[in-house]
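A.B. asks:
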Amino acid sequence: MSDTNSLLVDATTRIFQDLCDPQTINATKDDGWKVELWTALEEAGLSLAWVPEESGGSGASLADGFDVLAVSGRFAVPVPLAETLVAGWLLASAGLKCPVGAMTVAPSRLRDRINIGDDGKLSGRALGIAFASSVETLVVLAKRNGENHVVLVATKDCTILGAPGLAGDGRDAVTFDGVVPIGIGPLAQGLSSNSLALMGAAARAVQIGGGLQAILTLATDYAQERVAFGKPISKFQAVQHNLAKLAGETAAAVAAASSAADTIQTMDTFNDSVFFETAAAKIRAGEAAGQGAAIAHQVYGAIGFTEEHILHRFTQRLWGWRDDFGNESEWAVQLGEFVAKGGADDLWPLLASR
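To convert, note that position 245 of the sequence shown is 244 in numbering that gives the first Met the number 0; the numbers rise steadily by one, no gaps.
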């Protein structure tokens, strides 16, 4: 990690420690703290980190943005930081100006499609859109005459059916029929119709890795403090085995997500390497989210599910992030088809080159 990157991570961590401490916000009865947090993120240039300076952003590297997302995962951040980062990246790729404030992106499910008609209006529906009910603008990847376009729309012009999602952050259904775009531009060369899904999947994998690191620390500390039968439960072999397995799942998720982020950073286009690394990372991170959350709740017992405890803030978001931008089953199908298309002779060189 470079000195500049380390400073960025430290600054991001301080913002979340001061304004998004999970224990503090878990006890808060309203969402007023979100305004202060978002203001701090914007003033630090974190929300538009992937937008060039000439377009009003911070001009940070993709690696910097992914590191910010890893920190956000460690705090189970319940604001659309990842969505706004990806939205800004998508707008910048099409040469569109970024609006002020939080944004989200669509589609976030691999099977959803949005089209642009000859009259310039949108049609289609997207499910599971994070924070759609709480932001003013939405960035859409849509097709017009077979070509990919980036479209900026106002959420007030869409029909939104709100749904809380597992963590209560919102996973809304958005209908775009008849919506007139605020701005529209062709997707940049080197990107394709699956670029949004891949970028979103990489972002979620990185956040899952950060979230798993947090619950590993929580579970380990609790096991050392909780006494049963006269000794800390961390002394029991079964608990030690579970904590070791949680550490292994965390390490695997972080390694896979970091590899995908590094590949995206170093490649000029979203090529086969980006697809392979990102699909594998989303699959492995999703599996780790399921296994890791289960182990953490086993260590804590019933108290981890209560509203008073912070563990559920992490595990519910891990489960939600697991499904965003394709779950492991959907990516496994695509990855299997990709490997099968290459044939047996290409499989080992593909694996050995990682």
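Positions of the beta carbon are idealized from the N, C-alpha and C atoms, including for glycine.
Can you look up R312 in the DSSP assignment and give me helix, strand or coil?
C.D. replies: The residue you call residue 312 lines up with position 313 of the sequence shown. Looking at R312 - three-state DSSP - the assignment turns out to be helix.
A.B. asks: To the nearest angstrom, how far is it from the Cα of H381 to the Cα of A213?
C.D. replies: The chain is shown only over 0 to 353; residue 381 falls outside these bounds and no answer can be derived.
A.B. asks: Spatial neighbours of E146 within its chain, please: CB distance less than 7 Å, with the 5 preceding and 5 following residues excluded, ordered by chain position.
C.D. replies: Stepping through the sequence shown from its first residue, residue 146 is reached at position 147. Taking C-beta separations shorter than 7 Å and ignoring five residues to either side along the sequence, the partners of E146 in its chain run P185, following chain order.
A.B. asks: In angstroms with no decimal places, state the Cα-to-Cα distance between F175 and Q239.
C.D. replies: Locating residue 175 in the sequence shown gives position 176, where the first residue counts as 1. Locating residue 239 in the sequence shown gives position 240, where the first residue counts as 1. Near 51 Å, if we compare the C-alpha coordinates of Q239 and F175.
A.B. asks: Do you know offhand how far E329's Cα is from F228's?
C.D. replies: Against the sequence shown, residue 329 aligns to sequence position 330. Against the sequence shown, residue 228 aligns to sequence position 229. Each residue's Cα considered, the two are about 45 Å apart.
A.B. asks: What does the alpha-carbon distance come out to for the pair R108 and L126?
C.D. replies: On the sequence shown, residue 108 is found 109 positions in, with the first residue counted as 1. On the sequence shown, residue 126 is found 127 positions in, with the first residue counted as 1. Roughly 7 Å between the two C-alpha positions.
A.B. asks: How should A173 be labelled, buried or exposed, when 16 other C-beta atoms within 10 angstroms of its C-beta is the threshold for buried?
C.D. replies: For the purposes of this step, residue 173 is identified with residue 174 of the sequence shown, where counting begins at 1. Strictly speaking, residue 173 in this sequence is Val, with Ala absent from that position. It is buried - the Cβ of V173 has at least 16 other Cβ atoms within 10 Å.
A.B. asks: Given a cut-off of 9 Å on the beta-carbon distance, is the pair T103 and L47 in contact?
C.D. replies: To locate residue 103, count along the sequence shown from 1; it is residue 104. To locate residue 47, count along the sequence shown from 1; it is residue 48. No, the Cβ-Cβ distance between T103 and L47 is not below 9 Å.
A.B. asks: Around the Cβ of Q16, are there at least 16 other Cβ atoms within 10 angstroms (buried) or fewer (exposed)?
C.D. replies: Residue numbering aside, residue 16 sits at position 17 when the sequence shown is read from its first letter. Q16 is exposed by the Cβ-count criterion.
A.B. asks: Report yes if the CB atom of I282 is closer than 9 Å to the CB atom of M198, and no otherwise.
C.D. replies: Mapped onto the sequence shown, residue 282 falls at position 283. Mapped onto the sequence shown, residue 198 falls at position 199. No, the pair does not count as a contact, with Cβ atoms beyond the cut-off.
A.B. asks: Quick check on DSSP: helix, strand or coil for L146?
C.D. replies: Here residue 146 is taken as the residue at index 147 of the sequence shown, counted from 1. For the sequence presented, residue 146 should be read as Glu rather than Leu. Strand at E146.
A.B. asks: Tell me whether T38 is buried or exposed, calling it buried when 16 or more other Cβ atoms sit within 10 Å of its Cβ.
C.D. replies: On the sequence shown, residue 38 is found 39 positions in, with the first residue counted as 1. Classification of T38: exposed, given that the 10 Å Cβ count is below 16.
A.B. asks: Taking the DSSP output, what are the residues bridged to S352?
C.D. replies: Within the sequence shown, numbered from 1, the residue matching residue 352 stands at position 353. None; S352 has no bridge partner.
A.B. asks: Counting along the chain, where does the alpha helix (DSSP H) carrying N241 start and finish?
C.D. replies: In the sequence shown, residue 241 corresponds to position 242, counting from 1. Taken as a continuous stretch (DSSP letters only), the alpha helix (DSSP H) holding N241 covers Q236 to T265.
A.B. asks: Just to confirm, is the Cβ distance from P106 to A196 under 9 Å?
C.D. replies: The count along the sequence shown starts at 1 and reaches residue 106 at position 107. The count along the sequence shown starts at 1 and reaches residue 196 at position 197. P106 is a Cβ neighbour of A196, given a cutoff of 9 Å.
A.B. asks: Could you tell me the distance, in whole angstroms, from the CA atom of D63 to the CA atom of L7?
C.D. replies: Within the sequence shown, residue 63 is the residue found at index 64, counting from 1. Within the sequence shown, residue 7 is the residue found at index 8, counting from 1. Using only the alpha carbons, I get a separation of about 7 Å.
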